[in-house]
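Novice:
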Amino acid sequence: MEDELTIVEVKAGEKEAVAKGKARIQNIYEERKRNCQNVSVKVPKNQLKYIIEPRGQTIQEILQETGLSVEMPLSDVQSDIIIIRCEQAKLGPALTFVYSKANNVKIEHMNVPDWLHKYIIGKKDADIKHMVQDLSKV
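Per full-length UniProt numbering, the sequence shown starts with residue 1, numbered consecutively.
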């Protein structure tokens with residue numbers, strides 16, 4: 001069965017064409033339902049934003065690259081589980097792609113006493129700028 005749907009112009013009163021289009025969509029849906037698998041994947045809550053990215057850009061990239069559908073937890077829910085839907089044959093590469101996006105950025109926190117801040121940052125941020133100038137990802 002084709003992956004793409006052909007859009008059929010339907011004029012008012014063409015019930016046969018509408019029924020035919022509906023049946024075709026239903027067949028595609030049923031085939032995908034048989035061939036796809038749902039997998040729950042744990043991604044740390046603070047890393048979920050790197051899968052979403054601005055305006056869903058990364059999710060769109062994941063869909064285009066892998067054919068994978070990603071269901072994210074609602075922002076007000078404290079869950080770190082995402083649901084992935086994909087054809088079984090594409091599941092391995094799709095999971096690898098999602099994890100690479102989620103782990104693209106790592107955030108590390110350091111607890112530093114307040115009295116050290118001025119020595120780390122320096123006058124007009126000079127010291128901190130000097131420390132990170134060669135580190136493109138910091």
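Virtual Cβ for every residue (Gly too), placed ideally from N, Cα, C.
By DSSP's criteria, Lys-20 is part of a beta bridge. Which residues make up the other side?
Specialist: According to DSSP, Lys-20 bridges with nothing at all.
Novice: Answer with buried or exposed for Ile-84, where buried requires no fewer than 16 other C-beta atoms within 10 angstroms of its C-beta.
Specialist: That one is buried.
Novice: Start and end of the alpha helix (DSSP H) containing Gln-64?
Specialist: It spans 57-66 - the alpha helix (DSSP H) in which Gln-64 sits, taken as one unbroken run.
Novice: To the nearest angstrom, how far is it from the Cα of Ile-25 to the Cα of Glu-87?
Specialist: The alpha-carbon atoms of Ile-25 and Glu-87 are separated by roughly 18 Å.
Novice: Helix, strand or coil: how does DSSP classify Val-112 here?
Specialist: Val-112 falls in the coil class under three-state DSSP.
Novice: Examine the Cβ distances between the region 26-35 and the region 48-58 and report whether three or more of them are shorter than 8 Å.
Specialist: Touching, no.
Novice: Can you give the Cα-Cα distance for Lys-42 and Ile-81, rounded to whole angstroms?
Specialist: Cα to Cα, Lys-42 sits roughly 5 Å from Ile-81.
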